[in-house]
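Student:
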Amino acid sequence: MSKKKNSVKIIGFLAVLLFVSFSQAAGVSKWKATKPLPDAGKTWEVKKMLVATYSGVIIPVAAEYMNSAVDKAEAEGYQLLVIKLDTPGGLDASMREIIKRILSSKIPVALYVSPKGARAASAGVFIAMASHIAVMSPSTNIGAAHPVTIGGGIDITSSKDKGKKEKSTMEDKILNDSSAYMKSITQQSGRNVDWAIKAVTKSDSISAEEAVQKKVVDFMAADLDELVRKLDGFYVSGFGKLKIKEPQTGYFEKTRRQNFLATVTDPNIAMILMSIGAAGIFIELYNPGLILPGVVGAVSLILAFYSFQTMTASFAGILLMLLGFLLFIVEIKVMSYGLLTVGGILSIILGALMLFNNPAVSGLSVSGNILISNLLGLVFIVAALAFVVVKAQMRKVSAGIETLSGKKGVAKTRLSPRGKVLVEGELWDAASVSGEVEENSEIIVEKVEGFRVTVRKI
C-alpha cells in the first residue's frame with residue numbers, strides 16, 4: 017500500500033513539473049512571438065528621391081554642400097537622400113558637422129560609395145557608418161580611418177624624450193576619442209563595430225565585397241537603378257520598411273562658389289597655384305611694369321594660402337615656402353650668382369614635404385608627380401630668367417664703360433642705395449652714389465662695376 021502511495025506521489029510530482037515546464041515554455045514562446053520589433057509594420061514610402069554627389073577632400077565646403085542637401089530634401093518633401101561619395105578623407109571638424117546633420121535628418125540618408133574605383137577612406141568611413149543606409153559600387157573600397165594630426169607643429173621642448181612622450185599622449189587621446197566616436201555611431205547604425213574600431217586603430221581597409229560580407233555596409237549596387245531596386249522592401253531603423261518604385265529623382269548640384277572652393281581646396285591644385293604665383297611674382301620683379309604676371313602671381317598665391325589654411329596645413333611648411341619666395345625677391349636685389357635662388361627652391365621643397373603629416377592616411381597630400389613637375393617648372397623659369405639677365409649684363413659689360421657712362425635712365429625701383437634702373441632699354445642692377453633715389457626718378461650712369469652700374473640722381 018505504501019509503495020502504491022509513493023508511486024502516486026512520484027507520478028503527481030512529475031505531472032506538476034511537466035505542467036510548470038510547459039507553462040513556462042509556452043509563456044516564453046508567447047513573449048518572443050508577441051514582442052514588438054522597432055517600427056514593426058511601419059512602411060516608409062519613397063515617392064521622391066534626391067541625389068547629391070561629392071568627390072574630393074572632406075573640408076568645410078563639403079560639409080556645407082552635404083548639409084544643404086539634407087536641408088533641401090527635408091524642405092521640399094523628398095523621402096530619401098542618396099549621397100554619392102568618393103573621398104580620400106579630410107578634416108575631423110567638417111566630418112562631424114556632416115554626421116550631426118545626417119543623424120538629425122528627418123528622412124533616411126543613403127551613403128553610396130560611387131562610381132567604380134571610388135573610395136570612402138578616413139573621414140569617409142565615419143560618414144558611411146553614421147548613415148542610415150550604406151551602399152558600395154563594385155571595385156570600390158572603404159577603410160583606413162586612423163586619425164592623424166594634419167595641422168603640424170614645431171617641438172620646442174628642451175627634452176626630446178619629453179617631447180616624444182607628450183606627442184604620444186596627444187596621439188593616444190586623439191585615437192581614443194576617434195575610436196569612441198566610431199563605436200557610438202556604428203552601434204547606432206547596427207553595423208560591424210569590431211571592424212569599424214579596427215579601421216580606426218589599425219587603418220584596416222577592405223573591398224566592397226568584403227564590406228558586405230562583414231556587414232560593414234548593407235549591399236552593393238552597380239548604379240542608381242540597382243540601388244533603388246534593392247532598397248525596395250529594405251528595413252531602415254527609425255523609419256521602417258522602404259516602399260520605393262520608380263521614384264521621382266532630383267539632383268542637387270553644387271553652386272558655382274562651392275565648385276570653385278572645392279576645386280581650389282585640393283592639395284595638388286594648391287601646389288600648382290603656389291608655383292604659378294611664385295613664377296608670376298618672380299617674372300614681375302625681374303621685369304617691372306609687365307603687370308599681368310604680377311597680378312596673376314599675387315592672386316594665385318592668395319588662393320594657394322587660402323587652400324592651405326582651409327586644410328590646416330603645417331605652419332612650419334607654409335613658413336618655409338614663404339622663406340623660399342623671400343629668397344627669390346632678395347635675389348633681385350642682391351647679385352648672388354644663383355645661390356639665393358637655389359636656397360629658395362630648397363626651402364620650397366622642404367615646405368611642400370612638411371605641409372601635411374602622414375598624408376597617405378589623412379588623404380591630404382600633394383601628388384609626388386605634381387610636386388616634382390611644379391618644382392622643375394619653377395626651377396626652369398628661375399634659371400631662364402637668371403640666364404637672360406646675366407647674359408644681357410655680360411654683353412653690356414663687354415661693350416666697354418663708354419657705352420653706358422654718361423647715359424641717362426630711370427630708377428625702376430627705389431635705390432637705397434641699391435635697386436634696379438632702366439638704361440638704354442635694359443634693366444640693370446644699380447647702386448646710387450647720391451643717397452636714396454625714389455622710384456621713377458631720372459638718373460645718370462657714372463660707371464660700370466662688374467654687373468652693376470653706379471648712378472647718381474639728376
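Mapping the sequence shown onto the numbering used here, position 438 (from 1) lands on 454, and the numbers just tick up by one.
We treat Cβ as the ideally placed atom computed from N, Cα and C, and that holds for glycine.
Keep in mind that this is a model prediction, so the values were computed, not measured.
In whole angstroms, give me the CA-to-CA distance for Ile170 and Val77.
Tutor: Numbered from its first residue, the sequence shown carries residue 170 at position 154. Numbered from its first residue, the sequence shown carries residue 77 at position 61. Confidence at Ile170 is low in this model, with a pLDDT of 34, below 50, so the placement of that residue should be treated as unreliable; the coordinate-derived value is given next. One C-alpha to the other measures close to 28 Å.
Student: How is Asn478 classed by DSSP in three states: helix, strand or coil?
Tutor: Given a span of 17 to 474 for the chain in the structure shown, any question on residue 478 remains unanswerable.
Student: Report the residue from Ala237, Val216 and Met290 whose alpha carbon sits nearest the alpha carbon of Lys132.
Tutor: Counted from its first residue, the sequence shown places residue 132 at position 116. Considering only alpha carbons, the answer is Ala237.
Student: Count the other CB atoms, across all protein chains shown, that sit within 10 Å of the CB of Val469; report buried if there are 16 or more and exposed otherwise.
Tutor: Here the question's residue 469 lines up with position 453 in the sequence shown. The residue in question, Val469, is buried, as its Cβ has 16 or more Cβ neighbours within 10 Å.
Student: Looking at Met65: is its Cβ nearer than 8 Å to the Cβ of Pro263?
Tutor: Within the sequence shown, the letter at position 49 stands for residue 65. Within the sequence shown, the letter at position 247 stands for residue 263. Result yes, Cβ atoms of Met65 and Pro263 sit closer than 8 Å.
Student: Does DSSP put Thr156 in a helix, in a strand, or in coil?
Tutor: For this step, residue 156 is matched to residue 140 along the sequence shown. Three-state DSSP puts Thr156 in coil, outside helix and strand.
Student: Could you please give the first and the last residue of the uninterrupted beta strand (DSSP E) stretch that includes Met145?
Tutor: If you number the sequence shown from 1, residue 145 lands on position 129. Per DSSP, Met145 belongs to no beta strand (DSSP E); it is in the alpha helix (DSSP H), Ala139 to Ala146.
Student: Across the stretch 300-315 and the stretch 249-263, are there enough close Cβ pairs to call them in contact, namely three or more that are closer than 8 Å?
Tutor: No contact exists between the stretch 300-315 and the stretch 249-263.
Student: Assign Glu80 to buried or exposed, taking buried as 16 or more other Cβ atoms, counted over all protein chains shown, within 10 Å of its Cβ.
Tutor: One-based indexing of the sequence shown puts residue 80 at position 64. So Glu80 counts as buried.
Student: Where Phe321 and Ala286 are concerned, what is the direct C-alpha to C-alpha distance, given to the nearest angstrom?
Tutor: Numbered from its first residue, the sequence shown carries residue 321 at position 305. Numbered from its first residue, the sequence shown carries residue 286 at position 270. Approximately 8 Å between the Cα atoms of the pair.
Student: Measuring only the C-alpha atoms, how far is Gln95 from Glu61?
Tutor: Translated into the one-based positions of the sequence shown, residue 95 becomes position 79. Translated into the one-based positions of the sequence shown, residue 61 becomes position 45. When rounded, the distance between both Cα atoms is 7 Å.
Student: For the beta strand (DSSP E) containing Glu462, name the first residue and the last one.
Tutor: For the purposes of this step, residue 462 is identified with residue 446 of the sequence shown, where counting begins at 1. That run of the beta strand (DSSP E) goes Glu458 to Glu465.
Student: By a C-beta neighbour count over all protein chains shown, 10 Å radius and 16 as the cutoff for buried, is Thr173 buried or exposed?
Tutor: As a position in the sequence shown, residue 173 is number 157, starting the count at 1. A caution first: Thr173 carries a pLDDT of 37, below 50, which makes its placement in the model too unreliable to give a value.
Student: Which of helix, strand or coil does DSSP assign to Asp239?
Tutor: Indexing the sequence shown from 1 puts residue 239 at position 223. DSSP places Asp239 in coil when its eight states are reduced to three.
Student: Pair every Cβ in the stretch 331-340 with every Cβ in the stretch 349-369, then say whether three or more of these pairs are closer than 8 Å.
Tutor: At 8 Å Cβ cutoff, the stretches touch.
Student: Within the chosen definition, does the stretch 228-242 reach the stretch 134-154 through at least 3 CB pairs nearer than 8 Å?
Tutor: Flag = yes, the stretch 228-242 and the stretch 134-154 touch.
Student: Here's the rule I'm using: 16 or more other beta-carbon atoms within 10 Å means buried, otherwise exposed. How should Leu355 be labelled?
Tutor: As a first step, residue 355 must be located in the sequence shown, where it is residue number 339. Result: exposed.
Student: Buried or exposed: Ile118, going by 16 or more other Cβ atoms within 10 Å of its Cβ?
Tutor: What you label residue 118 is simply residue 102 of the sequence shown in a count that begins at 1. Buried is the call here.
Student: Please report the residue range of the alpha helix (DSSP H) in which Gly313 lies.
Tutor: One-based indexing of the sequence shown puts residue 313 at position 297. Leu308 to Thr326 is the span of the alpha helix (DSSP H), which, as asked, contains Gly313.
Student: Starting from Leu431, follow its DSSP beta bridges and name the residues at the other end.
Tutor: As a first step, residue 431 must be located in the sequence shown, where it is residue number 415. Paired residue(s): Val453.
Student: Grouping DSSP H, G and I as helix and E and B as strand, with all else coil, what is Gly249?
Tutor: Position 233 of the sequence shown, counting from 1, holds the residue named residue 249. Note: Gly249 maps to coil in three-state DSSP.
Student: For the candidate residues Glu442, Thr328 and Ser195, whose alpha-carbon lies nearest to that of Ala160?
Tutor: In the sequence shown, the residue the question calls residue 160 occupies position 144. The shortest Cα separation from Ala160 among Glu442, Thr328 and Ser195 belongs to Ser195.
Student: Ignore the nearest five residues each way along the sequence and tell me which others in Arg430's own chain have a CB closer than 8 Å to its CB.
Tutor: Position 414 of the sequence shown, counted from the first residue, corresponds to residue 430. Here the set comprises Glu452, Val453, Glu454 and Glu455.
Student: How is the alpha helix (DSSP H) around Ala109 delimited, first residue to last?
Tutor: Along the sequence shown, one-based indexing puts residue 109 at 93. Segment Asp108 to Leu119, the alpha helix (DSSP H) holding Ala109.
Student: For Glu300, which residues from the same chain have a beta carbon less than 7 Å from its beta carbon, with the 5 sequence-adjacent residues on both sides left out?
Tutor: On the sequence shown, residue 300 is found 284 positions in, with the first residue counted as 1. Here the set comprises Leu306, Pro309, Gly310 and Gly313.
Student: Do Phe142 and Ile213 have their C-beta atoms within less than 8 Å of each other?
Tutor: As a first step, residue 142 must be located in the sequence shown, where it is residue number 126. As a first step, residue 213 must be located in the sequence shown, where it is residue number 197. No.
Student: Run the CB neighbour count on Ser316, radius 10 Å, all protein chains shown included, and call it buried at 16 or more, exposed below.
Tutor: Translated into positions along the sequence shown, residue 316 becomes position 300. With 16 or more other Cβ atoms within 10 Å, it is buried.
Student: Just how far apart, CA to CA, sit Ile74 and Ala136?
Tutor: Residue 74 sits at position 58 when you count from the first residue of the sequence shown. Residue 136 sits at position 120 when you count from the first residue of the sequence shown. So the alpha carbons of these two residues sit roughly 11 Å apart.
Student: For Tyr128, write down the residues that DSSP places opposite it in a beta bridge.
Tutor: The residue labelled residue 128 in the question sits at position 112 within the sequence shown. BP columns for Tyr128 point to Lys100 and Val151.
Student: Here's a check: name, in chain order, each residue in its chain whose Cβ is nearer than 6 Å to the Cβ of Val434, leaving out the five neighbours to either side.
Tutor: Indexing the sequence shown from 1 puts residue 434 at position 418. A small fix is needed here, since residue 434 is Arg in this sequence, not Val. Ala447.
Student: Find out if the Cβ-Cβ distance for the pair Asn275, Val382 is shorter than 8 Å.
Tutor: By one-based count along the sequence shown, residue 275 stands at place 259. By one-based count along the sequence shown, residue 382 stands at place 366. Not in contact: Asn275 and Val382 (Cβ atoms no closer than 8 Å).
Student: Just the Cα atoms here: how many angstroms apart are Pro163 and Leu127?
Tutor: As a first step, residue 163 must be located in the sequence shown, where it is residue number 147. As a first step, residue 127 must be located in the sequence shown, where it is residue number 111. C-alpha separation (whole angstroms): 21 Å.
Student: What does a CB cutoff of less than 7 Å around Ser39 pick up in its chain, not counting 5 residues either side in sequence?
Tutor: Here residue 39 is taken as the residue at index 23 of the sequence shown, counted from 1. Note on Ser39: pLDDT 42, under 50, position unreliable in the model; the coordinate value appears next. Excluding sequence neighbours, Ser39 sits near nothing in its chain.
Student: My output table needs one value for Ala447: the three-state DSSP class, helix, strand or coil.
Tutor: Taking the first residue of the sequence shown as position 1, residue 447 is located at position 431. If DSSP states are grouped into helix, strand and coil, Ala447 belongs with the strands.
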